[in-house]
Amino acid sequence: MIAIYPGSFDPITLGHLDLIQRGSRLFEGVIVAVLRNPNKMPLFSVQQRQEQIRLSTKHLPNVEVDSFDGLTVNYAQMQQAQVLLRGLRAVSDFEVELQMAHTNKTLSTQIETVFLATSNEYSFLSSSVVKEIARFGGSIDHLVPPHVALDIYQCYAHQQTVSNPIKTEATQNLRSLPTETPMETFQEWEV
Ligand code: PNS
0 MIAIYPGSFD PITLGHLDLI QRGSRLFEGV IVAVLRNPNK MPLFSVQQRQ EQIRLSTKHL
60 PNVEVDSFDG LTVNYAQMQQ AQVLLRGLRA VSDFEVELQM AHTNKTLSTQ IETVFLATSN
120 EYSFLSSSVV KEIARFGGSI DHLVPPHVAL DIYQCYAHQQ TVSNPIKTEA TQNLRSLPTE
180 TPMETFQEWE V
């Protein structure tokens with residue numbers, strides 16, 4: 000049975016990765032599918048996010064990475080997948096996720112949504128939390144894979160040099176990192 004794990008993944012976190020790893024043990028194959036959403040201004044382009052996920056999951060042979068637009072159930076049908084995999088961190092997730100699962104069921108009776116409870120240590124974690132911590136100079140090394148942390152620190156270092164001359168201890172460390180990041184990367188990091 001093939002499962003689709005759809006999401007924004009802007010960027011992938013250790014919580015996402017935990018879910019992908021556990022999903023890859025339950026299903027024959029897992030396709031991590033990044034939504035191409037024209038209504039959102041992401042920190043990373045779809046291509047960058049796919050690359051970040053590929054690097055993070057390269058040790059999992061039955062995991063593929065792709066992107067899609069439109070309805071998730073249509074994409075799942077196109078991939079001949081039977082399951083949408085989603086994580087539940089808290090009751091607040093449950094309300095949103097249940098509504099989404101019910102909506103998807105009205106669109107396709109063939110596709111089942113399977114929820115996995117997020118591992119305890121990641122129950123607070125989201126891509127937004129990661130971006131907020133990094134934006135204010137905190138360490139995110141314990142929240143995302145190392146190469147993703149570097150990508151985010153690059154954005155932050157760039158923002159600091161452009162908009163904020165005050166250097167903290169954290170930003171001094173970041174200054175040694177390379178700063179060649181495409182402009183599209185900085186869209187969300189406005190002053
Ligand atoms: O990581 P996210 O942002 O929580 O993922 C949300 C996602 C991509 C799973 C959801 O927004 C989605 O499935 N969007 C595609 C459009 C769709 O199928 N809508 C109907 C279900 S509400």
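Counted the way my numbering counts, the sequence shown spans residues 0 to 190. Ideal Cβ placement from N, Cα and C applies to all residues, glycine included. In this text the structure is predicted, and so the values were computed from the model without any measurement.
The ligand PNS and R85: does any heavy atom of the ligand fall closer than 8 Å to the residue's C-beta?
For the ligand PNS, at least one heavy atom lies less than 8 Å from the Cβ of R85.
Smallest Cα separation from V143: which of V128, S107, Q46?
Minimum Cα distance to V143 is reached at V128.
Taking the beta strand (DSSP E) that L124 belongs to, which residues open and close that run?
Unbroken run through L124: none, as it is neither H nor E.
Would the region 92-108 and the region 8-20 be scored as touching if the rule is three or more Cβ pairs under 8 Å?
Segments in contact, no.
Under a Cβ-count criterion, where at least 16 other Cβ atoms within 10 Å of its own Cβ denotes burial, should N103 be classed as buried or exposed?
Buried is the call here.
Rounded C-alpha distance that separates L83 from T112
Those two C-alpha atoms are separated by around 5 Å.
Beta-ladder partner(s) of V143, from DSSP:
Looking at the DSSP assignment, V143 forms no beta bridge with any residue, so it has no partner.
Classification of S138 by the beta-carbon crowding that lies within 10 angstroms, buried from 16 upward:
By the neighbour-count criterion, in which 16 or more other beta carbons inside 10 Å mark a residue as buried, S138 falls on the exposed side.
Kindly indicate which three-state DSSP category G69 falls into: helix, strand or coil?
Here G69 carries a coil assignment [DSSP, helix/strand/coil].
D150 burial status per 10 Å Cβ neighbour count (16 or more: buried)
Counting the other CB atoms within 10 Å of its CB gives D150 a total of 16 or more, which places it among the buried residues.
Give every residue of the same chain whose Cβ lies closer than 7 Å to the Cβ of A80, excluding the five residues on either side of it in the sequence, and list them in chain order.
Result list for A80: I1, A2, I3, I30, in chain order.
Beta-carbon separation of L42 and C154 under 9 Å?
Yes. Within cutoff.
Which residues end up in the neighbourhood of the ligand PNS when you take C-beta atoms closer than 5 Å to any of its heavy atoms?
Those residues are P5, G6, S7, L34, L70, T71, M99, T102, given in chain order.
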